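S.K.: Just add 2 to wherever you are in the sequence shown, counting from 1, and you've got the working numbering.
Here you go, one structure.
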Amino acid sequence: MKITAIISALAAATLVSAGKFHIPKDNKADLHPNGYIIQYHDNISRANAHANLKKHAIDYKIRNEYDVFNGAAITVNSKHDGDALAAVPGVKHVWHIQRYSLPKTTSNGGGKVDEANSVHHMTGVDAVHKKLKLTGKGVKVGIIDSGIDYKHPAFAAPGATEGCFARYGKNCRVKYGWDLVGDDYTSFNNPIPDGDPMDCRGHGTHVAGIVGGNASNVKVGPKPLIPWIGVAPDVTFGSYRIFGCKGFTNTDVILAAMEMAFNDGMD
């Protein structure tokens, strides 16, 4: 009985220490060469995790470390693959770092839209505004994208003619944010973060406008062809820029942005 118990305990310990390497289900996934996201077991400190990697002769460079989960993103310089990383004691899960591009945007061609055929009417947003008087006030929305053109008049506070970012102004609707990558980032080079999440590609601004822009009474350029209002025009924004002015982004950067948005209290 004692021998059986000892063998069972050893087997259980082996199962706990064995990590899992998750191969992307999409065989067309764009993988970052030698880039991995590692999750450690909860009882493993960062110092112990790094020591274990070095004991197994894994040559690596840290790309990001995370607090929301116990883990890190690394670039492996030695010939070790995901399975080798998963076999290191203390490692729970391993994933490839993947690249993602911005989705392409399309135009509806402009022109007038009557109320019966408006998107807000078809989705019930107009009823939420008019009958329930819900406009997003007190809600914080994080936009993890190419940034926000926070100076656009659609993001202006009541009484102002243009929007602003809280680091550079007062009563700004874009109150939180960070540029995690820099203008020149393409995902094939190292990010150079800074504190200004200004959009240089337009996609994040487009998304933020749908969420909470208000161009119903713009008095300065650029004026829209049709006055419009977002779903929640009184929300407070956080802008977390994960794309440079061209190229792609990586999942390790996306995770870092999600963690930052969480720490800033985005809803």
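By construction, the Cβ of each residue, glycine as well, lies at the ideal position given by its N, Cα and C atoms.
Owing to the predicted nature of the structure, the values given are computational and were not obtained by experimental measurement.
By DSSP's criteria, residue 144 is part of a beta bridge. Which residues make up the other side?
M.R.: Taking the first residue of the sequence shown as 1, we reach residue 144 at position 142. In DSSP, residue 144 forms a bridge with 240.
S.K.: Could you spell out the range, first to last residue, of the beta strand (DSSP E) harbouring residue 95?
M.R.: If you number the sequence shown from 1, residue 95 lands on position 93. For residue 95, the enclosing beta strand (DSSP E) begins and ends at 93-102.
S.K.: Hey, would you say residue 221 sits closer than 8 Å to residue 163, going by beta carbons?
M.R.: Locating residue 221 in the sequence shown gives position 219, where the first residue counts as 1. Locating residue 163 in the sequence shown gives position 161, where the first residue counts as 1. Yes, Cβ-Cβ distance for residue 221 and residue 163 is below 8 Å.
S.K.: Of the choices 131, 77, 174, 186, whose alpha-carbon is the least far from that of residue 34?
M.R.: Locating residue 34 in the sequence shown gives position 32, where the first residue counts as 1. Measuring from the Cα of residue 34, the nearest candidate turns out to be 77.
S.K.: May I ask you to report which of helix, strand or coil DSSP gives residue 175?
M.R.: The sequence position of residue 175 within the sequence shown is 173, counting from 1. Reduced to three states, the DSSP call for residue 175 is coil.
S.K.: Keeping to the same chain, check which residues put their C-beta closer than 7 Å to that of residue 232; ignore five residues upstream and five downstream.
M.R.: By one-based count along the sequence shown, residue 232 stands at place 230. Same-chain partners within the cutoff: 211, 212, 213, 214, 215, 216.
S.K.: Buried or exposed for residue 250, please, with buried defined as at least 16 other CB atoms from any protein chain shown within 10 angstroms of its CB.
M.R.: Here residue 250 is taken as the residue at index 248 of the sequence shown, counted from 1. Under this definition residue 250 is a buried residue.
S.K.: Decide if the segment 133-153 is in contact with the segment 238-258; the criterion is three or more beta carbon pairs, one per stretch, under 8 Å apart.
M.R.: Contact between the segment 133-153 and the segment 238-258 is present, because at least three Cβ pairs lie under 8 Å.
S.K.: Looking at C-beta atoms only, is the number of pairs between the segment 127-137 and the segment 197-209 that lie closer than 8 Å three or more?
M.R.: At 8 Å Cβ cutoff, the stretches do not touch.
S.K.: Short of 8 Å in beta carbon distance, which residues of its chain neighbour residue 86, apart from the five on each side in sequence? Order them along the chain.
M.R.: Residue 86 sits at position 84 when you count from the first residue of the sequence shown. Once the five neighbours on either side are set aside, the close Cβ partners of residue 86 are 58, 60.
S.K.: Taking the runs of the beta strand (DSSP E) that are 3 residues or longer, which of them lie wholly in the segment 168-235?
M.R.: Segments of the beta strand (DSSP E) lying fully in the segment 168-235: 176-181.
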